[in-house]
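Data block below; observations after.
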Amino acid sequence: MKRLLGACALLSLLAGCASTDTIDPHGYDQTGVASYYGAKHHGKRTASGEAFNQNSLTAAHRQLPFGTRVKVTNLKNDESVVVRINDRGPHTRGRLIDVSRAAAEQLGMLRSGTARVRIQALDD
Numbered sequence: 126m127k128r129l130l131g132a133c134a135l136l137s138l139l140a141g142c143a144s145t146d147t148i149d150p151h152g153y154d155q156t157g158v159a160s161y162y163g164a165k166h167h168g169k170r171t172a173s174g175e176a177f178n179q180n181s182l183t184a185a186h187r188q189l190p191f192g193t194r195v196k197v198t199n200l201k202n203d204e205s206v207v208v209r210i211n212d213r214g215p216h217t218r219g220r221l222i223d224v225s226r227a228a229a230e231q232l233g234m235l236r237s238g239t240a241r242v243r244i245q246a247l248d249d
């Protein structure tokens, strides 16, 4: 019984730490560090329930609602891409967004793995 109570307490604590609060994307405009994810996650389920496709223009963001379209601009080379938020992350401190491999390629960040970016939500 003590094990069960301990497990329940741990799950409650972990659930409290997981931020699922979404924010209003209207006017969202932030700068930060982007990274990308690809082959290792290809085919796995995203937080939205769809399978991750490294060749699609998608991204993970901690708080923007699923389906939000954002323009991501690499501040070093001014390359940009429009992606759709379909996952939660990044799970690395100091990162603002994780983009798919296809998006990273368009942003010119495959070699470096990360880039300083500007993220602007698009109104549909």
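For the sequence shown, the residue numbers in my numbering are 126 to 249.
Every residue, glycine too, gets a C-beta built ideally from N, C-alpha and C.
Model, not experiment: these values are computed from the prediction.
Is residue i near residue j, with beta carbons less than 8 angstroms apart?
i    : j    : result
K201 : A227 : no
I290 : A185 : Only positions 126 to 249 of the chain appear in the structure, and residue 290 is not among them; the question remains open.
V206 : A159 : no
A179 : G163 : With the sequence shown as reference, residue 179 is identified as Gln, and Ala is not the correct amino acid for it. In this structure, G163 lies closer than 8 angstroms to Q179 by Cβ.
What do you get for residue i, buried or exposed, if any count of 16 or more other CB atoms within 10 angstroms of its CB means buried?
i    : result
D248 : exposed
T193 : buried
So, for residue i: in the same chain, excluding its five sequence neighbours on each side, which residues have a beta-carbon less than 8 angstroms away from its beta-carbon?
i    : result
G141 : Model confidence at G141 stands at a pLDDT of 42, short of 50, so the residue's coordinates are unreliable; what they give is reported in the following sentence. Taken in chain order, the list of residues that qualify is empty.
D154 : R243, I244, Q245, A246
E204 : T198, Q231, L232, G233
R187 : S144, R213, G214, P215
I think residue i touches residue j, with their Cβ atoms under 8 angstroms apart; what is that distance to the nearest whole Å?
i    : j    : result
I210 : L189 : 5 angstroms
S225 : L182 : 6 angstroms
Once the 5 residues before and after residue i are set aside, which same chain residues still bring their CB inside 7 angstroms of it?
i    : result
L235 : A229
G219 : V158
T171 : F177, N211, D212
F191 : S173, I210, N211
P150 : L189, P190, T193, A246
Who are the Cβ neighbours of residue i in its own chain at under 6 angstroms, not counting the five residues just before and after it?
i    : result
G168 : A176
H166 : F177
G152 : none
contact_flag[the stretch 215–222, the stretch 168–180] where n(CB pairs < 8 angstroms) is 3 or more: With a cut-off of 8 angstroms on Cβ pairs, the stretch 215–222 is not in contact with the stretch 168–180, counting fewer than three such pairs.
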